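Below is one structure, written out as structure tokens, with a few remarks after it.
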Amino acid sequence: MKIKFRKRYLIVAKRSNKVSQCACLLDSLYLLCVARLYYIRKKLHCMELNEQQLQRRQSLQAIRDLGIDPYPPQPFEVNVTADEIREHYENDKLNYKNVSIAGRLMRRRIMGKASFAELQDDTGRIQLYINRDEICPDEDKSLYNDVFKKHLDIGDIIGVTGYVFTTQVGEISIHVTSLKLLCKTLNPLPMPKEVDGKVYDAFTDPEQRYRMRYVDLIVNPQVREIFLVRSRVIGAMRDFLIQRGYLEVETPVLQPIPGGAAAKPFITHHNALDIPLYLRVANELYLKRLIVGGFRGVFEFAKDFRNEGMDRTHNPEFTQMELYVAYQDYNWMMDLTEQMLREICTKVLDTTSVMLGNNEIEFGEPFARMTLFGAIEKYTGKNLHGLNESEIRSVAKELKVEVDESMGAGKMIDEIFGAYVEKHLIQPTFIKDYPVSMSPLTKKHREDPTLTERFELIINGKEIANCYSELNDPIDQRERFEEQAKLLDRGDEEAMFIDEDFLRSLEYGMPPTAGIGIGIDRLVMMLTNQASIQEVLFFPQMRPERR
RNA sequence: GAUUCGGUAGCUCAGCCGGUAGAGCAUCUCCCUUUUAAGGAGGGGGUCCUGGGUUCGAAUCCCAGCCGGAUCACCA
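For the first sequence, the tail end lands on 577 under our numbering, and the numbers increase by one without skipping.
Next comes the structure, spelled out in structure tokens:
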């Protein structure tokens, strides 16, 4: 507006060289008013559409005026995909004499009475050759001259039929004999281009990509690939577990007591019951109730919710697979985990080693196994085993690890581990035997009552799985919960609540059980070499868009 | 949360020692019947993130804010 005025003012100033300054001023004031009115009208009538959006709406109307439905209700029969044509045409030409394919128009090269275009379906792109006199055999050339050349835009969804051929420069293409508009689009797409492997004008702004994932998926094929891997990883894991006879179950997301993990929950309210409910931070306590109920093995791919920080490895909601198997222990679960990851990696990526940044992670070799205190001693020189809370606090201070009064011994050990050890564990490593205080749901170690039978699997310096021999002594469990309750009172917002119903279930008897939780998002990050969790979530949480 | 970098056309970005807003692609008009970043000719398109300040004059300098990226710290 300001600029428009300035431009006009300059024009006026030039024109009125010989006119009095007063007249010039009046003139420009008038133009200012006109410009403002024009601006307001533009805003009201066009809802701030840009030129290209307006153009597309005009094309939409023009198409309707030609008697064509831009959003037809009939199905369009597709009998081939872009990928299939590119792969099999050369060896099976007779089978591609009558193809029908649908997708987005992604590029047009119009050369007068004939054109090339690129159609993108869910498998990739295929070139189209469109000849005016073939799609318009009669006098009426409007389908080519008006609809195709003028009123179709990049991104529009079309269906074509025709036969496959190879062009003079050797590109497998579809010679189009008929073309139908299936959906007119009103927003222009970003237009990345690739020349000799170099990508220009890529749609790379992470904010835009995450906010408009649909656009990201249309124009960035590598993004689509990540989500295909994600789906296959989950599929392979599910197959692995079902093959072994474990039951896939579903347990409550809305929980009256948020149990099973040290984490800050989201809280909500149920109107009819007039009670607070929490979004689950884990499903552990429910799956164990099912083991009490008599299932031998249960698992769930669970969305968990934690009201904590957000960064490139944390999203407020994330996916965990939790598995509980009766009559097993954590040693057995180590073997199963190793086997499962090896199988998933092989099935999904057809290899046992993956590049992750500069590190090559090897899933084919046996995973290293170390005790927690052993690992801490290895990397800090301090043996924490047998130390009491105040002794650990002083070691933590000596190591310059930040601790505060609300932290118990377990929490401080975890801090030290995080600061000194975790980053060194690049290859898959099981860290086992955690102190009792940091594992309130875990059975005491068979040889050392100050420890628990628990392991975490660390890969590339990140925890990816957490497993226990599950505590099934109801009296011991009650005492551990009471310890947690004291931490809650001390101000540890992540400490656990006492879950009376869970305790009651243990009093009915839970067989010895091994349980594990595997972070699916992190696993997928590793298998797709992604540094941020947003890249493996379709719709990562974002601040709301303004207006 | 701390530090740091950034926000300019539909997209990717340049301009930033203050002085009339630029490029490529996209879009529009015209030419072109095997092109492929198709080509040729011409045109349109901007609240330079927002709000203050300094100045005759701010996209540019200063302050505040909003949004985002990266790094660091913490939860998975």
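All C-beta atoms, glycine included, are put in the ideal place defined by N, C-alpha and C.
In this text, all values refer to a predicted model and were calculated from it rather than measured experimentally.
Coil, strand or helix - L67 by DSSP: In this prediction, L67 scores a pLDDT of 38, lower than 50, which makes its location untrustworthy; no coordinate-derived value is stated.
Integer Cβ distance of S499 from E477, believed to fall under 8 Å: The Cβ separation is near 12 Å, so there is no contact.
Spatially closest choice to M468 from D246, D269, A292, I204, by CA coordinates: A292
Under 8 Å between C-beta atoms of P346 and Q571: yes
Cut-off 7 Å between Cβ atoms - residues of its own chain near Y409, not counting five sequence neighbours on either side: Same-chain partners within the cutoff: Y450, V451, H454.
Pairwise C-alpha distance: I494 and I374: 15 Å
Rounded distance between the beta-carbons of N109 and Y193, thought under 8 Å: Their Cβ separation, rounded to whole angstroms, is 12 Å, which puts Y193 and N109 out of contact at 8 Å.
Three-way DSSP call (helix, strand, coil) for G440 in this model: helix
Which residues DSSP lists as bridging L386, in chain order: N389
DSSP-derived helix/strand/coil call for H454: Of the three classes helix, strand and coil, the one that applies to H454 here is helix, per DSSP.
Nearest residue (CA-CA) to D334, options G185, D246, F348, E278: Comparing Cα-Cα distances from D334 to each of G185, D246, F348, E278, the minimum goes to F348.
Ordered list of beta strand (DSSP E) runs contained in the stretch 274-358, each at least 3 residues: 297-300, 305-309, 327-335, 347-356
Whole-number beta carbon distance between M442 and I422, since they are thought to touch under 8 Å: 5 Å
Three-pair Cβ contact test at 8 Å for the stretch 514-523 versus the stretch 315-324: Touching, no, given that fewer than three Cβ pairs across the two stretches are closer than 8 Å.
Alpha helix (DSSP H) segment containing M363, residue limits: 360-379
Bridge partners - H205, DSSP secondary structure assignment: Y159, Y193
Cβ contact check for the stretch 168-188 and the stretch 214-230: 3 or more pairs under 8 Å: yes
Reduced DSSP category for K48 - H, G, I as helix; E, B as strand; rest coil: With a pLDDT of 32 at K48, under the threshold of 50, the predicted position of this residue should be treated as unreliable, and no value is reported.
Other residues of its chain near K473: CB distance less than 6 Å, five sequence neighbours each side excluded: E483, S499, L501
Sequence-distant residues of its chain with Cβ nearer than 6 Å to K412 (five each side left out): Answer for K412: V425, listed in chain order.
Rounded C-alpha distance that separates R357 from G290: Per the sequence shown, residue 357 should be read as Tyr rather than Arg. One C-alpha to the other measures close to 20 Å.
Extent of the continuous beta strand (DSSP E) run through D151: 144-151
Assumed close pair V206, I140 - CB separation to whole angstroms, cut-off 8 Å: That belief does not hold up - the Cβ atoms of V206 and I140 are roughly 14 Å apart, past 8 Å.
Assigned secondary structure, V578 (DSSP; H/G/I helix, E/B strand, else coil): With the chain running from 31 to 577 in the structure shown, residue 578 is simply not present.
Reference I456; option with closest CA among P251, Y276, L487, D434: L487
CA-to-CA distance, Y308 to T298, given in whole angstroms: For T298 and Y308, the gap between their C-alpha atoms comes out near 6 Å.
Residue range of the unbroken alpha helix (DSSP H) whose run includes K427: 419-428
First and last residue of the uninterrupted alpha helix (DSSP H) at G404: 402-410
Inter-stretch contact at 8 Å, needing at least 3 Cβ pairs: the stretch 556-569 / the stretch 350-370: no
I131 to F146 span [Cα, whole Å]: 16 Å
Sequence-distant residues of its chain with Cβ nearer than 7 Å to L59 (five each side left out): Caution is warranted here: a pLDDT of 42 is assigned to L59, below 50, making its placement in the model unreliable, and the coordinate value is therefore given only provisionally. Excluding sequence neighbours, L59 sits near nothing in its chain.
Backbone CA spacing between L40 and L173 [nearest angstrom]: With a pLDDT of 32 at L40, under the threshold of 50, the predicted position of this residue should be treated as unreliable, and no value is reported.
Neighbourhood of I248 by C-beta, 8 Å cutoff - its chain only, sequence neighbours within 5 removed: Counting only Cβ-Cβ distances below 8 Å, and skipping sequence neighbours, we find R134, Q150, G185, L219.
Option nearest A525 by Cα separation, candidates G440, T343, L366, S383: G440
The stretch 259-267 touching the stretch 550-557, judged by at least three CB pairs closer than 8 Å: yes
Pairwise C-alpha distance: P251 and F485: 38 Å
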